[in-house]
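Peer 1:
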Amino acid sequence: MIHRSGGIGPHREGKAKPFESHFRGRKGEVCIVDTTLRDGEQTAGVVFATREKVRIARLISEVGVREMEVGTPWLCPEEREAITEICALGLESRTLAFCQAEPSEIELAAETGVDAVVISAGVSEIHLRKRYVKGREWVLDKVRAAAEAAKDKDLPFIVSAEDASRANVDFLLSYVVLAEELGADRFRFCDSLSVLDPFTSFQVVQTVLGATDLDVEVHCHNDFGMATANSLAGIRAGAKFVTVSVNGIGERTGNAPLEEVVMALKHLDQVDLGITTRNFRELSEYVARASSRAIPVWKAIVGTNVFAHESGIHADGVLKNPLTYEVFSPDEVGLARQLVVGKHSGSRTIQHKFREFGIDLSDKEANQVLLEARQMSVDFKRSLFDKELMYIYQDFIQRDERRKEVDKVGVMDEDDD
Amino acid sequence: MREIVSDQFPNNSVDDEPIKVHIDDTTLRDGEQTAGVVFASEEKVRIARMLDQIGVYQIESGIPIMGGAEKEAVRQIAAQDLNCSVLAWNRAVTSDIDASLECGVDAVAISMSASDIHIDHKLKQSREWVLESVKKAVLYAKERNVYVSVNAEDASRADMEFLLSFARTARDAGADRLRFCDTLGILDPFNAFMKVKTVMDATGMDIEMHTHNDFGMATANAIAGIKAGARFVNTTVNGLGERAGNTALEELAMALYYLENIDVELDTGKFRELSEYVAQASSRPIPAWKPIVGANLFVYENEKRAAAVLRDPENYEIFPPESVGLQRRFILGKYSGTSVLKMKLADLDLELTEEEAAVLGGHVRSRSVALKRSLFDEELLDLYREEIGMVRDEVNQLLSEGRDVVADGVVDSLADLSEVSDDS
Chain C
4 MIHRSGGIGP HREGKAKPFE SHFRGRKGEV CIVDTTLRDG EQTAGVVFAT REKVRIARLI
64 SEVGVREMEV GTPWLCPEER EAITEICALG LESRTLAFCQ AEPSEIELAA ETGVDAVVIS
124 AGVSEIHLRK RYVKGREWVL DKVRAAAEAA KDKDLPFIVS AEDASRANVD FLLSYVVLAE
184 ELGADRFRFC DSLSVLDPFT SFQVVQTVLG ATDLDVEVHC HNDFGMATAN SLAGIRAGAK
244 FVTVSVNGIG ERTGNAPLEE VVMALKHLDQ VDLGITTRNF RELSEYVARA SSRAIPVWKA
304 IVGTNVFAHE SGIHADGVLK NPLTYEVFSP DEVGLARQLV VGKHSGSRTI QHKFREFGID
364 LSDKEANQVL LEARQMSVDF KRSLFDKELM YIYQDFIQRD ERRKEVDKVG VMDEDDD
Chain L
645 MREIVSDQFP NNSVDDEPIK VHIDDTTLRD GEQTAGVVFA SEEKVRIARM LDQIGVYQIE
705 SGIPIMGGAE KEAVRQIAAQ DLNCSVLAWN RAVTSDIDAS LECGVDAVAI SMSASDIHID
765 HKLKQSREWV LESVKKAVLY AKERNVYVSV NAEDASRADM EFLLSFARTA RDAGADRLRF
825 CDTLGILDPF NAFMKVKTVM DATGMDIEMH THNDFGMATA NAIAGIKAGA RFVNTTVNGL
885 GERAGNTALE ELAMALYYLE NIDVELDTGK FRELSEYVAQ ASSRPIPAWK PIVGANLFVY
945 ENEKRAAAVL RDPENYEIFP PESVGLQRRF ILGKYSGTSV LKMKLADLDL ELTEEEAAVL
1005 GGHVRSRSVA LKRSLFDEEL LDLYREEIGM VRDEVNQLLS EGRDVVADGV VDSLADLSEV
1065 SDDS
């Protein structure tokens, strides 16, 4: 059942490798390269209309992302029109077009007015043998020809190594060295199939940086859920550029999400890129609609549930001090905190909720409302709306009033409460 | 050229024994604790049985002290005669542990905050009180002969010296393992590795990783902990859990196997089925792009990808779709070329020449752009019937102008796949 061939990622042969090493971090200036409009749209089933592409480009530029990949010119005339239109906007962000290592594609890109092109070729032995059915020299020649075409058009170019994480290391390094000789702006390392973990990601980026003076960009996919971690590991190893997409949309499981990478850099690595993060939720919502891919409520950073607290212990903690269960404030990413009442709620949440409604509940009252609220949540298999809490309260008050009435005339003999 | 530094990296000696990692799934506890999620008791029992069939080591079944339906569900799960261990969650309070034991579970997790921010602001207690509570609760549980995991809540933000005292207190009272909780998901894999290694080296305890996904790194952090020596991992199906969720069972298992050479010996072919069930029971649909189990993972539209996968799936797949209960599919859309088009029409006994395929491919892309989505197979057939005449006229026109239709139609220009024969 195993599909594996030689590459940088760990090998199936032999036993698991224990890990012992020191990873000296090199955290400095990082440039975000957004590919929502290219790799994002390349997702099977996703198509943006030109006006959506233009809007997304504006929104991405407005949050302060410095580079964006705006499309793949060879695809079709509609794509080239969209790219041309975006380039004509004169946005702050630098625009890139994605091309295979083919001079004709570079020429199509040149007509759109992009600031630079990405020249991409698969470099793994698997791609050489099974996709191209060609040798290593053939790929190097293709890149040379494409680079010449870019130079003819005065276009800066980035040399991208597709499936680099499964490549033979020696060949990968000769590919990088060629890119530098050809005068590339930088080198893009693609973990196209997500075969890296953060430690191997650090390792390969450091290896590449040891072989070239070019800047390195890390481009990670999320097939095993580690795109963000692998991107950050690459940055820790010295990569100065990182590819992201809004909501992480992209081929299969997608790319490293813009919002995760930026917030992790800011709050975990103390690298603030000056991105307008409070626009993140809005940007995510727009891309979600345009791509017909709703944001899951639990999506890291921008999901509506990430600041929703139900469990009694968590809600109580947040009410006492948000830092007990929150790393950053919800408004920092354009969200709001919510206290949700359900099966796992505690009485403090109930009291807090009712104070918002202008009602002070005693501990005893809060406990009684809580018991009913929990039962209702179990019965309905969901949390409760605020209205439903009020219904419980009204029922409870009415019952209580009625009981007081009954007690007064001494008819009912209650031995519990 | 600078020296290549790759030998600084983990090409270390290889262990004699394969690493054994134990999965402790908490879909039924931390998963259900997600705001808005409630499982019915029957659903809980069904999920427990499915997890057991897949082969997890332990199930965290719920919080018995909550009473009512929750306690009854734990009792039912413990009575299922499962192969796996059944664990219940507790605060460091004897009444919680009594409630768990009444349910017949064989293991308890005793949870207590380890960070000062929690101790000062949430518990409003002292560090001494914390240690004393842990000690009492562990002694109480161990006297009653159950397996004890001590959960160090918010361990990732704890003062390391205090965390070590916390761990030693638990160990000396007889705890079987320490759960290292990254409650807020603030670790990165490098910090996770260092912290877990520090605790292991200092205390010699078995460590369980419990990581959250607030910055999208739950799986990576769990793996980092395993690399540091942790041998237990707390997972949830679909990564369900508080806020952004926990480490996803399916991501962890597949990443361990395919990236780290660690086989957790699960029946992974049932992953999609399990994920679907939990998605329905939690009313949280699986996004099409969810790692490992998303419906979109083995769907190919892009011509270069599709052609390469038709040639050999290894070009773009690390594991085959069947290994997680999914299927490979090819669709037509804006990024399509001729490979899938020809394949789909050939299935309907409609043969196209290269030139016709190239021109019809252009029509497919335009239709997809106009509809803003990919095309259904029925729509392809309609398109073919309506436009094949036009396509043939177009081909003749282009050929009479001496144009290279296939190249202009922009098939895979980097590799001329048509000239390639089978390769071994």
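From first to last, the protein sequence lines are chains C and L. For the record, in the first sequence the residue sitting at position 313 is 316 according to this note's numbering, with numbers rising by one throughout. For the record, in the second sequence the residue sitting at position 88 is 732 according to this note's numbering, with numbers rising by one throughout. Glycine residues also receive a C-beta, built at the ideal position from the N, C-alpha and C atoms.
#1: Quick one: measure Cβ to Cβ for residue 717 of chain L and residue 685 of chain L, integer angstroms, because I've assumed they're closer than 8 Å.
#2: Bridge partners of residue 959 of chain L, per DSSP?
#3: Nearest to residue 678 of chain L by CA position, among L/904, L/800, L/927 and L/894, is which residue?
#4: What residues from the region 318 to 344 of chain C come within 8 Å of chain L, judged by C-beta to C-beta, listed N to C?
#5: Could you tell me the distance, in whole angstroms, from the CA atom of residue 980 of chain L to the CA atom of residue 922 of chain L?
#6: Assuming contact is defined by CB atoms lying nearer than 8 Å, are residue 399 of chain C and residue 372 of chain C in contact in what I supplied?
#7: Since residue 275 of chain C meets chain L, which of its residues come closer than 7 Å, beta carbon to beta carbon?
#8: From the beta carbon of residue 960 of chain L, is the nearest beta carbon of chain C less than 8 Å away?
#9: For residue 787 of chain L, return the contacting residues in chain C, with the cut-off set at a CB-CB distance below 9 Å.
#10: Taking Cβ positions, are residue 863 of chain L and residue 896 of chain L nearer each other than 8 Å?
#11: Tell me whether residue 419 of chain C is buried or exposed, calling it buried when 16 or more other Cβ atoms sit within 10 Å of its Cβ.
#12: In terms of residue numbering, what span does the beta strand (DSSP E) encompassing residue 124 of chain C cover?
#13: On the three-state DSSP scale, how would you describe residue 861 of chain L?
#14: Can you list, in chain order, the residues of its chain whose CB lies under 7 Å from that of residue 96 of chain C, leaving out five sequence neighbours each side?
#15: Mind listing, in chain order, the continuous alpha helix (DSSP H) runs of no fewer than 4 residues lying wholly within the region 904 to 988 of chain L?
#16: Pull up the distance between the alpha-carbon of residue 877 of chain L and that of residue 694 of chain L, whole angstroms please.
#17: Can you list, in chain order, the residues of its chain whose CB lies under 8 Å from that of residue 297 of chain C, leaving out five sequence neighbours each side?
#18: Measuring alpha carbon to alpha carbon, tell me which residue in C/359, C/217, C/272 and C/255 is nearest residue 236 of chain C.
#19: I want to see whether chain C comes within less than 8 Å of residue 904 of chain L, judged by CB atoms only; does it?
#20: Per DSSP, what kind of secondary structure is residue 406 of chain C in: helix, strand or coil?
#21: In or out: residue 944 of chain L buried (at least 16 other Cβ within 10 Å) or exposed?
#22: Considering only the beta carbon of each residue, do residue 126 of chain C and residue 109 of chain C sit closer than 8 Å?
#23: Residues in its own chain within less than 8 Å of residue 233 of chain C by CB, not counting five upstream and five downstream?
#24: Where does residue 74 of chain C fall in DSSP's three states?
#25: Of all the CB atoms in chain L, is at least one closer than 8 Å to the CB of residue 29 of chain C?
#26: Check the C-beta distance from residue 696 of chain L over to residue 728 of chain L and give it rounded, since I have them as a contact under 8 Å.
#27: Note the first and the last residue of the continuous beta strand (DSSP E) segment covering residue 385 of chain C.
#28: Where residue 918 of chain L and residue 667 of chain L are concerned, what is the direct C-alpha to C-alpha distance, given to the nearest angstrom?
#29: Per the DSSP calculation, residue 822 of chain L is bridged to which residue(s)?
#30: Going along the chain, which residues of its own chain have a beta-carbon closer than 7 Å to the beta-carbon of residue 33 of chain C, five neighbours each way excluded?
#31: Measure from the C-beta of residue 834 of chain L to each C-beta in chain C and report whether the shortest distance is under 8 Å.
#32: Identify whether residue 260 of chain C lies in helix, strand or coil by the three-state DSSP scheme.
#33: Going along chain L in order, which residues have a C-beta closer than 7 Å to the C-beta of residue 129 of chain C?
#34: At which residues does the alpha helix (DSSP H) containing residue 90 of chain C begin and terminate?
#35: Looking at the secondary structure, which residues open and close the beta strand (DSSP E) in which residue 732 of chain L lies?
#36: With a cut-off of 8 Å, does the C-beta of residue 804 of chain L fall near any C-beta of chain C?
Peer 2: Looking at the coordinates:
#1: Counted from its first residue, the second sequence places residue 717 of chain L at position 73. Counted from its first residue, the second sequence places residue 685 of chain L at position 41. Between the beta-carbon of residue 717 of chain L and that of residue 685 of chain L there is about 4 Å, and that keeps the pair under the 8 Å contact cut.
#2: The sequence position of residue 959 of chain L within the second sequence is 315, counting from 1. According to DSSP, residue 959 of chain L bridges with nothing at all.
#3: Walking along the second sequence from the start, residue 678 of chain L turns up at place 34. Comparing Cα positions, the closest option is L/927.
#4: Within the region 318 to 344 of chain C, the residues whose Cβ lies closer than 8 Å to some Cβ of chain L are 319, 320, 323, 324, 326, 327, 328, 329, 330, 341 and 343, listed in chain order.
#5: Taking the first residue of the second sequence as position 1, residue 980 of chain L is located at position 336. Taking the first residue of the second sequence as position 1, residue 922 of chain L is located at position 278. Roughly 34 Å separates the two Cα atoms.
#6: Translated into the one-based positions of the first sequence, residue 399 of chain C becomes position 396. Translated into the one-based positions of the first sequence, residue 372 of chain C becomes position 369. Cβ distance < 8 Å, so residue 399 of chain C and residue 372 of chain C count as in contact.
#7: Looking up residue 275 of chain C in the first sequence gives position 272. Result: empty, since nearest Cβ-Cβ is about 15 Å, beyond 7 Å.
#8: Walking along the second sequence from the start, residue 960 of chain L turns up at place 316. At a cut-off of 8 Å between C-beta atoms, residue 960 of chain L counts as an interface residue with respect to chain C.
#9: Taking the first residue of the second sequence as position 1, residue 787 of chain L is located at position 143. For the C-beta of residue 787 of chain L, not a single chain C residue is nearer than 9 Å; the gap to the nearest is close to 26 Å.
#10: The count along the second sequence starts at 1 and reaches residue 863 of chain L at position 219. The count along the second sequence starts at 1 and reaches residue 896 of chain L at position 252. If you check the CB distance, residue 863 of chain L and residue 896 of chain L come in under 8 Å.
#11: Here residue 419 of chain C is taken as the residue at index 416 of the first sequence, counted from 1. Low confidence applies here, because residue 419 of chain C scores a pLDDT of 42, under 50, leaving its location unreliable; read the following figure in that light. Residue 419 of chain C should be labelled exposed.
#12: Within the first sequence, the letter at position 121 stands for residue 124 of chain C. Judged by DSSP secondary structure, residue 124 of chain C falls within the beta strand (DSSP E) whose first and last residues are 119 to 125.
#13: Position 217 of the second sequence, counted from the first residue, corresponds to residue 861 of chain L. The answer is coil: DSSP assigns residue 861 of chain L none of H, G, I, E or B.
#14: Against the first sequence, residue 96 of chain C aligns to sequence position 93. Close CB contacts of residue 96 of chain C within its chain, under the 7 Å cut and outside five residues either way in sequence, are with 63, 64, 68, 69, 70 and 71 (chain order).
#15: Unbroken alpha helix (DSSP H) stretches of 4 residues or longer found wholly inside the region 904 to 988 of chain L: 915 to 925 and 947 to 955, given in chain order.
#16: In the second sequence, residue 877 of chain L corresponds to position 233, counting from 1. In the second sequence, residue 694 of chain L corresponds to position 50, counting from 1. Cα to Cα, residue 877 of chain L sits roughly 18 Å from residue 694 of chain L.
#17: Start at 1 with the first residue of the first sequence, and residue 297 of chain C comes out as number 294. Cβ within range, chain order: 291.
#18: Start at 1 with the first residue of the first sequence, and residue 236 of chain C comes out as number 233. Answer by Cα proximity: C/272.
#19: Position 260 of the second sequence, counted from the start, is the residue given in the question as residue 904 of chain L. The beta carbon of residue 904 of chain L sits closer than 8 Å to some beta carbon of chain C.
#20: In the first sequence, the residue the question calls residue 406 of chain C occupies position 403. In the structure shown, residue 406 of chain C sits in a helix (DSSP, three-state: H, G or I).
#21: The residue labelled residue 944 of chain L in the question sits at position 300 within the second sequence. Burial call: buried.
#22: As a first step, residue 126 of chain C must be located in the first sequence, where it is residue number 123. As a first step, residue 109 of chain C must be located in the first sequence, where it is residue number 106. Cβ atoms of residue 126 of chain C and residue 109 of chain C: not closer than 8 Å.
#23: On the first sequence, residue 233 of chain C is found 230 positions in, with the first residue counted as 1. The answer, listed in chain order, is 194, 197, 199, 200, 201, 204, 221, 223 and 259.
#24: Mapped onto the first sequence, residue 74 of chain C falls at position 71. The answer is strand: DSSP assigns residue 74 of chain C an E or B state.
#25: If you number the first sequence from 1, residue 29 of chain C lands on position 26. Because residue 29 of chain C sits at a pLDDT of 49, beneath the cut-off of 50, its placement in the model cannot be relied upon, and the point is left open.
#26: As a first step, residue 696 of chain L is located in the second sequence; it is residue number 52 there, counting from the start. As a first step, residue 728 of chain L is located in the second sequence; it is residue number 84 there, counting from the start. Contact between residue 696 of chain L and residue 728 of chain L holds: CB atoms are separated by about 5 Å, below the 8 Å threshold.
#27: Position 382 of the first sequence, counted from the first residue, corresponds to residue 385 of chain C. Looking at the DSSP string, residue 385 of chain C is not in any beta strand (DSSP E), and its letter there is neither H nor E.
#28: By one-based count along the second sequence, residue 918 of chain L stands at place 274. By one-based count along the second sequence, residue 667 of chain L stands at place 23. Rounded to the nearest angstrom, the two C-alpha atoms are 15 Å apart.
#29: Sequence index remark: in the second sequence, residue 822 of chain L carries index 178 (1-based). Beta-bridge analysis with DSSP links residue 822 of chain L to L/794 and L/851.
#30: As a first step, residue 33 of chain C is located in the first sequence; it is residue number 30 there, counting from the start. The answer, listed in chain order, is 238, 243, 245, 268, 274 and 276.
#31: For the purposes of this step, residue 834 of chain L is taken as the residue at position 190 of the second sequence. Yes - at least one Cβ of chain C is within 8 Å of the one on residue 834 of chain L.
#32: Start at 1 with the first residue of the first sequence, and residue 260 of chain C comes out as number 257. In the structure shown, residue 260 of chain C sits in a strand (DSSP, three-state: E or B).
#33: What you label residue 129 of chain C is simply residue 126 of the first sequence in a count that begins at 1. Per Cβ cutoff of 7 Å: 958 and 959.
#34: Position 87 of the first sequence, counting from 1, holds the residue named residue 90 of chain C. Residue 90 of chain C -> alpha helix (DSSP H) spans 80 to 91.
#35: Counting from one through the second sequence, the residue named residue 732 of chain L turns up at place 88. It spans 729 to 735 - the beta strand (DSSP E) in which residue 732 of chain L sits, taken as one unbroken run.
#36: Residue 804 of chain L sits at position 160 when you count from the first residue of the second sequence. So, not an interface residue.
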